[in-house]
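Q: Mind the numbering: the sequence shown is residues 175 to 358 in the numbering used here, read in order.
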Amino acid sequence: MRILGIDPGSVATGYGLVDRDGSRLVHVAHGTLRPPRAAALAHRLGVLHDEVRRVIDAHAPDAAVVERVFVAASAGSALVLGQARGAVLAALGAAGIPVHELAPREIKKSVVGTGAASKVQVQAMVGRLLALDARPQSDAADALAAAIAHAQAGDLARLGVVGGRRRRASRATSESQWRARRAP
Numbered sequence: 175m176r177i178l179g180i181d182p183g184s185v186a187t188g189y190g191l192v193d194r195d196g197s198r199l200v201h202v203a204h205g206t207l208r209p210p211r212a213a214a215l216a217h218r219l220g221v222l223h224d225e226v227r228r229v230i231d232a233h234a235p236d237a238a239v240v241e242r243v244f245v246a247a248s249a250g251s252a253l254v255l256g257q258a259r260g261a262v263l264a265a266l267g268a269a270g271i272p273v274h275e276l277a278p279r280e281i282k283k284s285v286v287g288t289g290a291a292s293k294v295q296v297q298a299m300v301g302r303l304l305a306l307d308a309r310p311q312s313d314a315a316d317a318l319a320a321a322i323a324h325a326q327a328g329d330l331a332r333l334g335v336v337g338g339r340r341r342r343a344s345r346a347t348s349e350s351q352w353r354a355r356r357a358p
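As structure tokens, then:
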């Protein structure tokens with residue numbers, strides 16, 4: 175399965191592709207899309223949409239994972255980031271690619287082991303996990319980390335693990351039975 179990870183941004187959008195071969199993850203490609211900064215927002219969003227479509231056409235991913243919007247320092251920044259995310263989602267939707275979303279903390283926890291990991295820690299771990307010769311730029315590393323986290327989430331779902339803990343049907347059943355007995 176080929177997974178496209180995307181870290182959307184209004185100035186720079188990182189992308190990373192990983193092939194999942196059984197339990198192995200294989201690096202395919204990564205990069206940073208940078209629409210012309212001096213251009214009007216509508217033009218930058220159009221360029222971003224077109225560039226994401228080019229990545230899709232070149233690499234034919236089976237699934238995509240997009241980093242969820244975090245709370246930005248200002249409302250204006252959050253709106254522009256949301257618009258960039260919209261351009262990315264529109265490109266993925268038009269291509270018919272299933273889209274999954276993960277929060278930045280979920281991605282960091284999955285890849286580095288802590289949701290509070292720094293950019294440098296994410297870059298280093300992505301480089302190690304994919305056996306890259308050089309650390310990818312920050313935006314591309316975040317996108318690769320999203321793809322890795324999605325691949326690992328598939329493993330956890332098959333094992334019955336959610337949120338880092340194994341699901342226990344017996345406990346859920348006993349809690350529901352207890353509630354049923356306690357009901358008036």
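Don't be surprised by glycine CBs; every beta carbon is placed ideally from N, CA and C.
Predicted, not measured: the structure shown is a model, and the values here were computed from it.
Between the Cα of valine 240 and the Cα atoms of Ile180, Asp195, Gln326, Pro209, which residue gives the shortest distance?
A: Within the sequence shown, residue 240 is the residue found at index 66, counting from 1. It is Ile180 whose Cα lies nearest to the Cα of valine 240.
Q: Within this structure, are the beta carbons of leucine 304 and leucine 178 separated by less than 8 angstroms?
A: One-based indexing of the sequence shown puts residue 304 at position 130. One-based indexing of the sequence shown puts residue 178 at position 4. Contact: no.
Q: Taking 8 angstroms as the threshold (C-beta atoms), are leucine 276 and serine 184 in contact?
A: Within the sequence shown, the letter at position 10 stands for residue 184. Within the sequence shown, the letter at position 102 stands for residue 276. The answer is no: Cβ separation not under 8 angstroms.
Q: Between which residues of its own chain and alanine 264 is the CB-CB distance below 8 angstroms, once the five residues before and five after are set aside?
A: Indexing the sequence shown from 1 puts residue 264 at position 90. Same-chain partners within the cutoff: His223.
Q: In whole angstroms, give me the CA-to-CA distance for alanine 359 and glycine 196.
A: Residue numbering for the chain in the displayed model covers 175 to 358; residue 359 lies beyond these limits and cannot be assessed.
Q: Among Ala216, Val296, Val192, which has the Cα closest to the Cα of arginine 309?
A: Numbered from 1 along the sequence shown, position 135 holds the residue referred to as residue 309. For the residues Ala216, Val296, Val192, the minimum Cα distance to arginine 309 belongs to Val296.
Q: Jot down the residue ranges of each uninterrupted alpha helix (DSSP H) in the stretch 252-302, minimum 4 residues, whole runs only, in chain order.
A: DSSP runs (the alpha helix (DSSP H)) wholly in the stretch 252-302: 278-285.
Q: Just to confirm the assignment, what range does the beta strand (DSSP E) spanning glycine 179 have?
A: Locating residue 179 in the sequence shown gives position 5, where the first residue counts as 1. Per DSSP, glycine 179 belongs to the beta strand (DSSP E) from 176-181.
Q: How big is the Cα-Cα spacing for lysine 293 and serine 312?
A: If you number the sequence shown from 1, residue 293 lands on position 119. If you number the sequence shown from 1, residue 312 lands on position 138. One C-alpha to the other measures close to 6 angstroms.
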